[in-house]
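Inspection log for the structure reproduced underneath, given as structure tokens.
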Amino acid sequence: MQQAQATARVDAITQYRIIGEPTETHLESLARLAATLCRAPSAAVNIIDDRYQRAVATVGVEAGACSIDDSMCAVVLPEARHVLVTDAQADARFAANPFVRGGRVRFYASSPLITPSGVPIGTLCVFARETGTLSDEQSAALDLLAGQAVEVLELRRATHELERSNDELAHFAGQVSHDLRNPLTAMLGQIDLAIDALEAPAETGPQNALRALGHADAAAARMDRMITDLLAYAKVGGARPRSEPASMRGIVESAVADLEGAVTAFGASVSIALTETDGATGDIVVGDPTLLGVLMQNLIANALKFTATTRAAPTIAVTAQRTPTAWAITVDDDGPGVPVDQRERVFGAMERGWVKDVPGLGLGLATCRRIAQAHGGTIVIEDSPRGGARVRVWLPQPE
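Counting with the working numbering, you get residues -12 to 386 for the letters of the sequence shown.
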């Protein structure tokens, strides 16, 4: 349980991107206000991960870090409530603490920093070398300021996310414009050829015109696929996914059926296996059936496309394992695999990875990650026992 709490804390802290950054002036102002209201010489905003306590804003002391074994705040953090210690030397929890033994802290009070998802990640604390106390009003004020500190962190997180999103959007728009222009240019060129062919002698003109129009039709089909990919990717970035029961086998089989043309064209074979473990039964998955269908279709289509670059007859294996708390889905292929240094990069929007001659916008795996994350899950790439790539998806389920 403690390890799970520590992991959740580290994950939450990582999202705020506060460690190792210049002091956040708004946090420093809150620390100064806390010291003033509580009539204490020192105050600190402390962030506590699984190993260290780091002071990210301080008043009256130097900002620094210490092991959680030496941290007074780490002792009370699991309680996730306001703590008031009038004399730390007389408190069994702190009497042996090096800061207390060294005479640097006797009076101590703290309020937890609790994220909107309920994870305590640190404290706003005030302290002094002499004994002291707080009134009820001062304790309430410290709680209020701790809440404001979390609001500052949330604003910081949202700002970074907006900057990242804007950068991605700018790159996305430029790449989309480029990629859609290619088939459009080809289509217009082939139409011009068809018009010219119709003005040629009757013996060859119609045949050449039909050939050119066939190429134009293929270019239009490529554009249609690209636009479909764009719409699927954009949809996942919108409203929260639905949460309703659906058949996992039905979702996977429908995805394979929709790809029947590609499977036949590549001479591929796709196997489906549903398994159960630890007493879990049934094939019901709780989530958004439409988005989960997009997820499976993209994973299988991606495996087909990349495997077909090196093999004449790709073999794809889809396995969905039901556990008591999640669905674990793997898609294995016998293609070229994905180099270790590319396995995170290929989840980026507009990324085709190291294989450049595969059609598409490079949105398939980016869409899959969006869908998995929208369902509270994860997606990673590993080596497959078949010699190619294995994409593993974990989707948590209500118990």
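Idealized CB from N, CA, C, for every residue including glycine.
Membership of C60 in any beta strand (DSSP E) is not indicated; the residue belongs instead to the alpha helix (DSSP H) covering M59 to V63.
Annotation for A79: no beta strand (DSSP E) segment contains it, and DSSP assigns it neither H nor E. Out of L121, W381 and V305, the CA that lies nearest to the CA of L261 is found in V305. In this structure, F94 and A115 form a Cβ contact; the two beta carbons are roughly 4 Å apart against a cut-off of 8 Å.
When secondary structure is reduced to three states using DSSP, S126 falls in the helix class. Residue nearest to V325 within the set A83, A290, R357 and W314 is A290 (criterion: CA-CA distance).
Each residue's CA atom was taken as its position, placing R229 and P188 some 60 Å apart. Pairing S256 with T302 gives a Cβ-Cβ distance under 7 Å. Per DSSP, the unbroken beta strand (DSSP E) holding Q308 starts and ends at T302 to R309. Residues T297 of the same chain have their beta carbon placed closer than 6 Å to that of P323, with the five preceding and five following residues left out of the count. In this structure, DSSP gives R143 a helical state, which the three-state scheme calls helix. When the beta-carbon positions are compared, T317 and T264 stay at least 7 Å from each other. Distances from the CA of G374 to each of C355, R356 and T294 were compared; the closest alpha carbon is that of T294.
With 16 or more other CB atoms across the displayed protein chains lying within 10 angstroms of its CB, R357 is buried. In this structure, I35 sits near G109, with a CB-CB distance shorter than 7 Å. The beta carbon of P232 sits closer than 7 Å to those of I271 and V273, all from its chain and outside the five residues before and after it, given in chain order. I366 carries a strand assignment under DSSP once its states are collapsed to helix, strand and coil. In the DSSP assignment, D245 falls outside any beta strand (DSSP E) and within the unbroken alpha helix (DSSP H) covering M235 to D245.
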